[in-house]
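What follows is one structure encoded as structure tokens, with my remarks underneath.
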Amino acid sequence: MSMTETPMQRESAQTIYEKSKPGRRAAVLPEAEVPEPPLDELIPARLLRAEPPRLPEIAEPEIVRHYNRLSRRNFDLDTGFYPLGSCTMKHNPRLNERVAALPGHARLHPAQDPSRAQGALELMWLLQRSLAEICGLPHVSLQPSAGSHGELAGLLLTRAFHADRGEERTKVLAPDTSHGTNPATVTMAGYEVVKVATNERGGVEMDDLRDKVDGDVACLMLTNPNTLGLFDENIAEIATLIHEAGGTLYYDGANLNAVMGHSRPGDMGFDIVHVNLHKSFSQPHGGGGPGAGPIAVSERIEPFLPRPQVVRREGENGGEPFFDLDHDRPKSIGRLRGFQGNFGVFVRSYAYILSLGADGLAEASETAVLNANYLKARLAQGRAGERLPVAFDRHCMHEFVLSGKPMKRELGLATLDLAKRLLDFGFHPPTVYFPLLVDEALMVEPTETETKESLDAFAEAIEQILTEAEKDPEIAKQAPYTTPVRRLDEVKATRKPVIRQPL
Amino acid sequence: MLAAIGVGSVADLFEQVPEPLRLGRPLELPAGMSEAEVYERLAALAGRNADAEEEVCFVGAGMYDHYVPAIVDAITQRSEFLTPYTPYQPEISQGGLQAMFEFQTAMSELTGLPVSNAGLYEGPSSVASAGYLAIGATGRRRFVVSRGVHPHSRETLATYSVGFGAELVEVGLEGGVTDAAALADAVDGDTAAVFLQSPNFLGAVEDVEALGAAAKENGALLVVAADPMTLGILRPPGEQGADVALGEGQPLGNRLDFGGPSFGFFCATEELIRRMPGRIAGETDDVDGRRGFVLALQTREQHIRREKATHNICTAQALNALAAMVHLAWLGREGFRELGELLARRTAYARERLAAVEGVELLHEAPVVREFAVRLDAPVERVLAKVAAERGIAAGYPLGREYPEHEDGLLVAITERRTRAQIDALADALGAAISGSVDLVANGATKSTEGVA
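These protein sequence lines are chains A and B, in that order. Going left to right, the first sequence walks through residues 1 to 503 as the working numbering numbers them. Going left to right, the second sequence walks through residues 504 to 956 as the working numbering numbers them.
Written out as structure tokens, the structure reads:
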């Protein structure tokens, strides 16, 4: 393939430190207005630094240009289709940004006395009630900062629950399809992870589960629908097995977008659920956060929830209710972080829930499932159907997993090559090489905010890449060509890490 | 679309959900609303909060009412930074990855440590994460923690430690700073890490190097929580022997947001690089030799290493870290130092001004940068309520909330937004409230307080 360097490729990367020139600056600070003694009269010299940190010296117009230039070297959801499995890359309504930026939210100090933060606490309480209804569990803590933080909360709650009954259990079960955060959390929470196999339908292998359930099992962590995008039909039986053995059932809510208003984790028997507000509830992902990972729990877990907890106290004699932070929770596992959680995220997600309402949330899940099944059907036709068969051939929920094994065998094209070639077609690739039990996996989650036209265009791009690879597989193997940089040496970055600018 | 799938209705697709598990009714939530209605509803809630726009805010305690320059909003609201996922496909994520690399460089400069990650959730959970790192690095399970460390950090570390199977020992304060003798006694050969904070929760600058000696002698890691906004003038933790320097990043470019989202920064020595939590961007080349950036050292992380990962964190706070980087670039090398000096001088003025008020005395006389503690000769919560209601001033953080031994304590924070006139107004208001003679005429007003002096 003939290659012409694009303008962006020609422009080699320069950091803001490399643009720095002594004496340039942007900030103008206020006058001191107070006496200005030498600093070492205020603070002993040995506690002061000799030289200020070597931050860049650069004027405002150049800072703007620098970061605008960097922004153009990013692909983002507002630019194109982003079917990254398990990440729920749905549209981020701008209204949510607007309401989060209102000074009453954005400039509210977290230590403000509850009597002077009634709007914020009421909003948190309303969001708690909404999530409780969506999850089918009575109590919610908004404190965890992301899904993984919610998982850690869940296992610490599990530990406190067992300890309260005088039990110390050692093991946590998780399917081999689970997100990497699950086993990593198990270790952080001081448990040993035990893997459970997957059956030929893509669900939990029941015989394996029965073998592994015993009195040492503290918890089973499950995603349902799971990372294959399949609803585990045996969930009721799984719940009974775990509960009879005295364990708790933890729901990884990464895939909640499939079932909102249709099926609730609490009704499935789960004790603890985390919700990724940055997935199902439209908080923009920010290139890697911020998010928030509230947890919903059953009655028996409630006493152990993190503190403080937002509560509504009824007014006396029919007066106005008072929203408060309840610190008096003797059985609580304690804090998981500072203050009350990622409030700005709560504002956005509550605005989203208000916008969609009960019917809109259910419709969002319906459309997400419809879009996934349609794209799966489109990809079952033509070349994709042969080279990229679906890993488990049944209706999926909001996402599905393809295997690139035949493509690799027959065309010599790895899943990674296909993903990189998709970049040249203007698509973000699906999640690759996950879940681990599928060879050359591609995990596709289109979400409800994509049109049929986008789904068709994606399917056509896959078809085109496979057609092209039949003639010349080298094209995809060397891809991408049009991106700001081409394939990068990730091994070098880990073997000899350069992780800051030498100055 | 249904025909392509081969089903008659969307409901058919939900048949894989066993019938008894289908909700079978609408969610008990209000019906959807128009954009205008949602805006009004949220604006009404926001209107019931006393924010720093309408109240002069002297509250700190870990989060501060700094001025965030307009350029930060302009850049962080760009779709290209706002809406992508974590940069798993580096070829189309160079902007975000390079910003992380620049951020890491800045944090490394601030803390005086060579290794920085791209950010964690926020301050207190970063402290707990350092505990996990220390257990891995030392094989020990005992933490010695100064009572000067933010109470939320201490409590978060305690929460996590139940999972780590670690023991926590707290060391008290003497004259506003960590009791050096008690610290030396508490640290032993089983100690995994010593946790300090400087400036500590009472605002006092700690002598980290002297206190850290006990950690060094016993082979424990020295973990120092810092307020990044003070690091333009304070000696960096890395120069004082810290193995890990971390903290709440909110003062850099992030709004108060009632407590989040912000970010935690986390820096360490070279020896600890492969034990770091969180994402780390690294420099590399593409196949044509062009400079580029990728997520480096991913073999530490949960998506690769699963149960053997150095941490479980996945989604962190990339956009908040970008906000910090833009703010730091805007301040620049000189501006950042000047801001530190400005804070120290205005704080010195405020401290002196308040100490001169009848019924107010200093809680400690240790050096401070931007926050200090006083004792009030009147019930603190009552004084605060009065000053807020009558003068529109949030006078500070009542220490009794977290320190029973300082029931009469008030923590006062200064930012570049707090003018001399506002400081004078605070002094007057406190004096009046304490003496119980608040001038009800002068406050006729109002929440608009810029001219309260």
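Every residue gets a Cβ at the ideal spot worked out from N, C-alpha and C, and that includes glycine.
Within the segment 786 to 823 of chain B, the complete beta strand (DSSP E) segments of 3 residues or longer fall at 794 to 798, listed in chain order. For Q519(B), there is no enclosing alpha helix (DSSP H), as DSSP marks it with neither H nor E.
Annotation: V863(B) to A897(B) spans about 17 angstroms, alpha carbon to alpha carbon. Sorting F304(A), H395(A) and F323(A) by C-alpha distance to the C-alpha of R313(A) places F323(A) at the top.
In summary, the residues of the segment 444 to 458 of chain A whose CB is separated from some CB of chain B by less than 7 angstroms are K452, in the order they occur in the chain.
Under the three-state reduction of DSSP, M504(B) is assigned to coil, being neither helix nor strand.
Cβ contact annotation for T88(A) (same chain, cutoff 7 angstroms, sequence separation greater than five): N257, K279, S280, E445 and T447, in chain order. Apart from sequence neighbours up to five positions away, the residues of its chain that approach G615(B) with a beta-carbon distance below 7 angstroms are P739, P740, G741 and E742, ordered along the chain.
The beta carbons of Q519(B) and T15(A) sit no closer together than 8 angstroms. Going by beta carbons, V34(A) and R923(B) fall inside the 8 angstroms limit. In this structure, A633(B) keeps its C-beta atom at 8 angstroms or more from the C-beta atom of A824(B).
Per DSSP, the continuous alpha helix (DSSP H) segment holding Q9(A) begins and ends at P7 to R10. For Y251(A), no chain B residue has a C-beta closer than 9 angstroms to its own C-beta; the minimum C-beta separation is roughly 13 angstroms.
G903(B) has a beta carbon lying at 8 angstroms or more from every beta carbon in chain A.
Just measuring C-alpha positions, the residue of L845(B), L865(B), A832(B) and Q753(B) sitting nearest K21(A) is A832(B). Beta-bridge partners assigned by DSSP to H139(A): V297(A). For L933(B), the closest alpha carbon among the candidates R645(B), L887(B) and L866(B) is that of L887(B). Contiguous alpha helix (DSSP H) elements confined to the segment 628 to 691 of chain B occur at 654 to 667 and 683 to 689, taking only those with 4 or more residues.
For V347(A), the nearest beta carbon of chain B is closer than 8 angstroms to its own beta carbon. Contact annotation, T813(B) with T589(B): C-beta distance approximately 17 angstroms; criterion of less than 8 angstroms not satisfied. The Cβ neighbour count for D568(B), taken over all protein chains shown within 10 Å, is at least 16; the residue is labelled buried. Counting along the chain, T248(A) sits inside the beta strand (DSSP E) bounded by residues T248 to G253. One finds P497, I499 and R500 in chain A with Cβ atoms closer than 9 angstroms to the Cβ of V618(B), taken in chain order.
Non-local C-beta neighbours of G744(B) in its own chain, meaning closer than 6 angstroms and more than five positions away in sequence, comprise E712, G715 and L725, ordered along the chain.
Residue state for F322(A) is assigned as strand, using DSSP reduced to three classes.
Distance from the CA atom of N255(A) to the CA atom of H398(A), rounded to whole angstroms, is 8 angstroms. Taken through DSSP and simplified to helix, strand or coil, Q309(A) comes out as strand. Separation of the CB atoms of T451(A) and M443(A) is rounded to 21 angstroms, and the pair is thereby denied contact status at 8 angstroms. Residues of the segment 321 to 350 of chain A with a Cβ closer than 8 angstroms to any Cβ of chain B, in chain order: I333, G334, R335, L336, R337, G338, F339, Q340, G341, N342, F343, G344, V345, V347 and Y350. A distance of 8 angstroms or more separates the beta carbons of Y191(A) and T223(A).
T641(B) and G895(B) have their C-alpha atoms spaced approximately 51 angstroms apart. With its beta carbon less than 8 angstroms from one in chain B, T15(A) belongs to the interface. For Y900(B), the C-beta contacts it makes with chain A under 8 angstroms involve A111, in order along the chain. Using a 10 angstroms sphere on the CB of G722(B), the tally of other CB atoms stays under 16, which defines it as exposed.
Nearest C-alpha to F434(A) among N199(A), K420(A), S115(A) and L84(A): L84(A). Relative to R129(A), the option among H139(A), L152(A) and A239(A) whose CA is nearest is H139(A).
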